[in-house]
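Engineer: Going line by line, the protein sequences match chains D and A. Position in the first sequence (from 1) plus 121 gives the number in the working numbering. Position in the second sequence (from 1) plus 463 gives the number in the working numbering. The structure under discussion is supplied below as structure tokens; questions concerning it will follow.
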Amino acid sequence: MCEANVYINRGSGDELLMEKVDRIVPGEDQSIFMENIFGERKVIKARIREMELVHHRVMLDEIQEVDHPVHEELWLEPATDHGHFHEGEQVTLKLFKGYNMKPGHDCEFAGLKAFIAGNGEAKELHIHDHHGSRELVLGQENDGLLQVWAEEAEGNHRRLASVLVEVGHHHHHGLKPAGLDLEIFPTDYSHARMGESYEIQVLQQGKPVPGAEVRATFAGTHQKDYPHRLVTNDEGKARLFLTARGNYLFSVSADEVISTFTLVKSF
Amino acid sequence: MCKNMPPLELAIQFHGHICPGLLIGVRAAELAQKQLGVGQDNDEELVAVVENDNCSVDAIQAILGCTFGKGNLVFKDYGKNAWTVISRNAGRAVRIAQKFGSTAGPASDRFRELAGKPNLTQDEAAEKEALIGELFERIMSMPAEEIFTWQEVSAVPPERARIRKTVRCDLCGEGVMETRTSIRDGQTLCPECQLK
């Protein structure tokens, strides 16, 4: 007999997790995969504390999910499932408040403002209250790549949300960050595609922020918390391999500011 | 659709969801295109002979345009992850086969287990989503040499599909391809009515 029983300590002593385990494979993210002789499988976040090979016992200590502070953030999404607008089409952006692309209920907004970049300056946009949700209606006269952001000030806290929205079929080069206090910006604007890496840069007052934790998620995720956490390199850049349909949201915090960037995908 | 969709997106849209089998098919289809110097089939210039009927074949259909309806998709029920793509114009064919175990591992095992469960809990759905992401990046980033073996083969493409005459079944009254009918007691019958 060479299989073992696996026990786990979840904080109140060892309890049997799985019997007759004959395969244990440590995985990424501190996960441990195990399979027993009955073909049952489990993946659990834990570390191996002790292996009593003579007694066929493996003891694990559960790794508790780190409770990241759930803070509300703002984000913008175009009101189209098409990834872009066509010339002459009404351009509407929806403004959300919540976390992990899951809007909160009955959110209240304080000191909300929205802007669009144009000719080197920011022009303030009117924010519509549409049945309790907030919308930015940009009209039908737009063309090219629109750089829009919103900000909310609540006491010492500031929430920023930015997005790039394409009107028509354009390729853009030389796009510049808006110069927000804290900003996530794509390093090379192009059509983002599934199955490809997408690179962003974190800037604070225009300067790259190395070592910043950037959270990333996508519309419709089943995860309770952000599924991806990236760390920026010396140039303040981080990359994410895109594996989901729809829009992605990147989020970063520093001091009292939380800033998001919505990556709009056409598929 | 405003722009030509890239192969991966074509395949996902056609198949309806993302899974490792489809992604293997995407890689196989793109490898066949590269090896034969071809794009997507328009009118039976390409023929695919597939040795399985799993998710990968939807990628072959979507990306190469070798489809069941056009008759340039030949199914051989061998249960093998292998695909032969024939270019009539180039007079060349390549057979691509997945290396045994090339994508195997705990993540793949666990994904298969979850994919086979009819009702997933919220935690299991989240776990499956994470596994798809992990396998997605791995399959799409692996060098083709690590996933597949391939070689040029001499394959004779089937005849181009013919358009046959449609006749009326004397029993059910529905139209049926003439070559599929038989005459019984002076009546022209479709295959279904022949069994009645």
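Beta carbons: idealized from backbone N, C-alpha and C, even for Gly.
Kindly list the residues whose CB is nearer than 7 Å to the CB of A/T612, restricted to its own chain and excluding five residues on each side of it in sequence; keep chain order.
Structural biologist: Mapped onto the second sequence, residue 612 of chain A falls at position 149. The answer, listed in chain order, is A560, K562.
Engineer: Helix, strand or coil for A/V520 per DSSP?
Structural biologist: For the purposes of this step, residue 520 of chain A is taken as residue 57 along the second sequence, with counting starting at 1. Here A/V520 sits in helix by DSSP.
Engineer: Listing by chain order, which chain D residues have their CB less than 9 Å from the CB of A/D572?
Structural biologist: What you label residue 572 of chain A is simply residue 109 of the second sequence in a count that begins at 1. In chain order: F154, E156, R162.
Engineer: Does any residue of chain A bring its CB to less than 8 Å from the CB of D/R360?
Structural biologist: Walking along the first sequence from the start, residue 360 of chain D turns up at place 239. No, D/R360 does not count as interfacial toward chain A.
Engineer: If I follow the unbroken alpha helix (DSSP H) through A/L494, where does it start and stop?
Structural biologist: In the second sequence, the residue the question calls residue 494 of chain A occupies position 31. Taken as a continuous stretch (DSSP letters only), the alpha helix (DSSP H) holding A/L494 covers 483–499.
Engineer: Looking at C-alpha atoms only, which residue of A/V616, A/F531, A/S571, A/L583 is the closest neighbour of A/R601?
Structural biologist: Within the second sequence, the letter at position 138 stands for residue 601 of chain A. If we check each option's Cα against that of A/R601, A/S571 comes out closest.
Engineer: With contact counted as at least three CB pairs below 8 Å, one residue from each stretch, are the region 202–212 of chain D and the region 260–267 of chain D in contact?
Structural biologist: yes
Engineer: Express the C-alpha separation of D/Q326 and A/I523 in angstroms, rounding to a whole number.
Structural biologist: In the second sequence, the residue the question calls residue 523 of chain A occupies position 60. In the first sequence, the residue the question calls residue 326 of chain D occupies position 205. If I take the Cα positions, the gap works out to 49 Å.
Engineer: I'd like to confirm the pairing. Which residues does DSSP put opposite D/A282 in its beta bridges?
Structural biologist: Taking the first sequence and counting its residues from 1, the one referred to as residue 282 of chain D is at position 161. D/A271, D/T381.
Engineer: Do we get a CB-CB distance below 8 Å when we pair A/I595 with the residues of chain D?
Structural biologist: Locating residue 595 of chain A in the second sequence gives position 132, counting from the first residue. Residue-level contact by beta carbon holds for A/I595 and chain D, with a gap shorter than 8 Å.
Engineer: Just the Cα atoms here: how many angstroms apart are D/L281 and D/T338?
Structural biologist: Locating residue 281 of chain D in the first sequence gives position 160, where the first residue counts as 1. Locating residue 338 of chain D in the first sequence gives position 217, where the first residue counts as 1. The alpha-carbon atoms of D/L281 and D/T338 are separated by roughly 17 Å.
Engineer: Helix or strand or just coil, what does DSSP make of A/A560?
Structural biologist: Here residue 560 of chain A corresponds to residue number 97 of the second sequence, with the count starting at 1. Three-state result, A/A560: strand.
Engineer: Can you confirm whether D/P348, when its beta carbon is compared against all beta carbons of chain A, has any partner nearer than 8 Å?
Structural biologist: Translated into positions along the first sequence, residue 348 of chain D becomes position 227. Output row for D/P348: interface = yes.
Engineer: Between the Cα of D/G367 and the Cα atoms of D/T342, D/S374, D/L351, which residue gives the shortest distance?
Structural biologist: Translated into positions along the first sequence, residue 367 of chain D becomes position 246. Residue D/T342 holds the alpha-carbon nearest to the alpha-carbon of D/G367 among D/T342, D/S374, D/L351.
Engineer: Is the beta carbon of A/D516 less than 8 Å from the beta carbon of A/F477?
Structural biologist: As a first step, residue 516 of chain A must be located in the second sequence, where it is residue number 53. As a first step, residue 477 of chain A must be located in the second sequence, where it is residue number 14. No, Cβ-Cβ distance for A/D516 and A/F477 is not below 8 Å.
Engineer: Provide the residue span of the beta strand (DSSP E) that contains D/K234, from first to last.
Structural biologist: The sequence position of residue 234 of chain D within the first sequence is 113, counting from 1. 233–239 is the span of the beta strand (DSSP E), which, as asked, contains D/K234.
Engineer: Flag A/D648 as yes when its Cβ comes closer than 7 Å to any non-hydrogen atom of the ligand NAP, and as no otherwise.
Structural biologist: In the structure on display, the ligand NAP does not appear, and there are no ligands present to speak of.
Engineer: For the beta strand (DSSP E) that A/Q503 lies in, which residues bound it at each end?
Structural biologist: Mapped onto the second sequence, residue 503 of chain A falls at position 40. No beta strand (DSSP E) contains A/Q503, which DSSP labels as neither H nor E.
Engineer: Got a sec, what are the start and stop residues for the beta strand (DSSP E) D/D202 sits in?
Structural biologist: If you number the first sequence from 1, residue 202 of chain D lands on position 81. Looking at the DSSP string, D/D202 is not in any beta strand (DSSP E), and its letter there is neither H nor E.
Engineer: Measure from the C-beta of A/M468 to each C-beta in chain D and report whether the shortest distance is under 8 Å.
Structural biologist: Numbered from 1 along the second sequence, position 5 holds the residue referred to as residue 468 of chain A. True, the Cβ-Cβ gap to chain D drops below 8 Å.
Engineer: May I have the straight-line CA-CA distance separating D/V373 from D/G316, to the nearest angstrom?
Structural biologist: Taking the first sequence and counting its residues from 1, one reaches residue 373 of chain D at position 252. Taking the first sequence and counting its residues from 1, one reaches residue 316 of chain D at position 195. Each residue's Cα considered, the two are about 24 Å apart.
Engineer: If you follow the beta strand (DSSP E) that D/M172 is part of, which residue opens it and which one closes it?
Structural biologist: As a working note, residue 172 of chain D is residue 51 in the first sequence. Note, D/M172: beta strand (DSSP E), 162–173.
Engineer: Quick one: is D/R336 near chain A, going by C-beta distance under 8 Å?
Structural biologist: As a position in the first sequence, residue 336 of chain D is number 215, starting the count at 1. At a cut-off of 8 Å between beta-carbon atoms, D/R336 makes no contact with chain A.
Engineer: Going by C-alpha distance, which of A/S550, A/E655, A/R575 is nearest A/E507?
Structural biologist: By one-based count along the second sequence, residue 507 of chain A stands at place 44. For the residues A/S550, A/E655, A/R575, the minimum Cα distance to A/E507 belongs to A/S550.
Engineer: What residues from chain D crowd round A/F660, counting only those whose CB sits closer than 7 Å?
Structural biologist: The question about residue 660 of chain A has no answer here: the residues shown for chain A are numbered 464 through 659.
Engineer: Kindly list the residues whose CB is nearer than 7 Å to the CB of A/S660, restricted to its own chain and excluding five residues on each side of it in sequence; keep chain order.
Structural biologist: Chain A is shown only over 464 to 659; residue 660 of chain A falls outside these bounds and no answer can be derived.
Engineer: Could you compute how far the alpha carbon of A/E592 sits from the alpha carbon of D/G289?
Structural biologist: Here residue 592 of chain A refers to the residue found at position 129 when the second sequence is read from its first residue. Here residue 289 of chain D refers to the residue found at position 168 when the first sequence is read from its first residue. Their backbone Cα atoms lie some 33 Å apart in a straight line.
Engineer: Chain A partners of D/G148, CB-CB under 8 Å?
Structural biologist: Mapped onto the first sequence, residue 148 of chain D falls at position 27. Correct list: P569, A570.
Engineer: DSSP has D/M180 in a bridge; who is on the other side?
Structural biologist: Position 59 of the first sequence holds residue 180 of chain D. Note: D/M180 sits in a beta bridge opposite D/Y128, D/E171.
Engineer: A/Q585 versus chain D: which residues are under 9 Å apart at the beta carbon?
Structural biologist: As a first step, residue 585 of chain A must be located in the second sequence, where it is residue number 122. Within 9 Å Cβ-Cβ: H343, K345.
Engineer: Can you confirm whether D/F388, when its beta carbon is compared against all beta carbons of chain A, has any partner nearer than 8 Å?
Structural biologist: Numbered from 1 along the first sequence, position 267 holds the residue referred to as residue 388 of chain D. Yes, its Cβ sits closer than 8 Å to a Cβ of chain A.
Engineer: Here's a check: name, in chain order, each residue in its chain whose Cβ is nearer than 6 Å to the Cβ of A/R627, leaving out the five neighbours to either side.
Structural biologist: Looking up residue 627 of chain A in the second sequence gives position 164. Answer for A/R627: M640, E641, T642, listed in chain order.
Engineer: Any beta carbon from chain A within less than 8 Å of D/G232's own beta carbon?
Structural biologist: Position 111 of the first sequence holds residue 232 of chain D. Taking Cβ atoms only, chain A never reaches closer than 8 Å to D/G232, which makes this a no.
Engineer: Would you mind reading off the limits of the alpha helix (DSSP H) that contains A/D461?
Structural biologist: No answer is possible for residue 461 of chain A: the residues shown for chain A start at 464 and end at 659.
Engineer: Between D/L285 and D/E256, which are expected to be in contact by the criterion C-beta below 8 Å, what is the C-beta distance as a whole number of angstroms?
Structural biologist: Mapped onto the first sequence, residue 285 of chain D falls at position 164. Mapped onto the first sequence, residue 256 of chain D falls at position 135. Actually they are not in contact, since the Cβ atoms of D/L285 and D/E256 sit about 18 Å apart, beyond 8 Å.
Engineer: Let's test the definition: count the other Cβ atoms within 10 Å of the Cβ of D/R170 and tell me whether it reaches 16, buried, or not, exposed.
Structural biologist: Numbered from 1 along the first sequence, position 49 holds the residue referred to as residue 170 of chain D. The residue in question, D/R170, is exposed, as its Cβ has fewer than 16 Cβ neighbours within 10 Å.
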